[in-house]
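Encoded as structure tokens, the structure appears first; notes follow it.
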Amino acid sequence: MVAVTVSMGDGNDTVTITDGAYNTTISLGAGDDVFDATSGVMGDSAYATVVNGEDGNDTFKLGTIAKNLTIDAGAGDDIVVLTKDYDSTSSGNQGYINGGEGSDTLVLTGTISVNLAAGKNEGIAGFEKSGYDCW
1 MVAVTVSMGD
11 GNDTVTITDG
21 AYNTTISLGA
31 GDDVFDATSG
41 VMGDSAYATV
51 VNGEDGNDTF
61 KLGTIAKNLT
71 IDAGAGDDIV
81 VLTKDYDSTS
91 SGNQGYINGG
101 EGSDTLVLTG
111 TISVNLAAGK
121 NEGIAGFEKS
131 GYDCW
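At position 98 of the sequence shown (counting the first as 1) the number is 98 in our numbering, and the numbers step up by one without a gap.
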């Protein structure tokens, strides 16, 4: 599989994933960006997917999360919205979501269960606020 690197540069950008994103690195750049993957599948057991928010107040909307996904929201007051189950201990959802520097918020929507027990470099970290359907 060919590796794909996407750099959005500075400014307020929106990236929408409507299918799978595998073996991909996405850098949103500085700005108040939106990353929407509620309709796609992020990550794959064989290929890593990395999304870097960098500076700015970014919003990440995540649907189905597969293995080998890393989200680093970066500096700023970021929001990460999980719309599907997230269990870092299962074989289907292993990945790492980091809020980064700033006052970050983790939001759970719909019917969702979260197991934050983690092994190795897996799980959710770096969030100062969390809530259910609070955004």
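Glycine included, each C-beta is placed from N, C-alpha and C at the ideal position. All of these numbers come straight from a predicted model, not from anything done at the bench.
Residue interval of the beta strand (DSSP E) (run including residue i)
{"i": "residue 17", "result": "Counting along the chain, residue 17 falls outside any beta strand (DSSP E), and DSSP gives it neither H nor E."}
{"i": "residue 7", "result": "4-7"}
{"i": "residue 52", "result": "49-52"}
Alpha-carbon spacing of residue i relative to residue j, whole angstroms
{"i": "residue 2", "j": "residue 23", "result": "7 Å"}
{"i": "residue 63", "j": "residue 96", "result": "14 Å"}
{"i": "residue 68", "j": "residue 81", "result": "18 Å"}
{"i": "residue 83", "j": "residue 17", "result": "14 Å"}
{"i": "residue 8", "j": "residue 124", "result": "25 Å"}
{"i": "residue 57", "j": "residue 75", "result": "8 Å"}
{"i": "residue 4", "j": "residue 128", "result": "32 Å"}
{"i": "residue 42", "j": "residue 73", "result": "15 Å"}
{"i": "residue 26", "j": "residue 108", "result": "23 Å"}
{"i": "residue 40", "j": "residue 104", "result": "23 Å"}
{"i": "residue 78", "j": "residue 21", "result": "22 Å"}
One or two residues paired with residue i in a DSSP bridge
{"i": "residue 42", "result": "21 and 65"}
{"i": "residue 96", "result": "70 and 123"}
Residue i, buried or exposed, once every other Cβ within 10 Å from all chains shown has been counted against 16
{"i": "residue 131", "result": "exposed"}
{"i": "residue 51", "result": "buried"}
{"i": "residue 19", "result": "exposed"}
Backbone secondary structure at residue i - three-state DSSP
{"i": "residue 37", "result": "strand"}
{"i": "residue 27", "result": "strand"}
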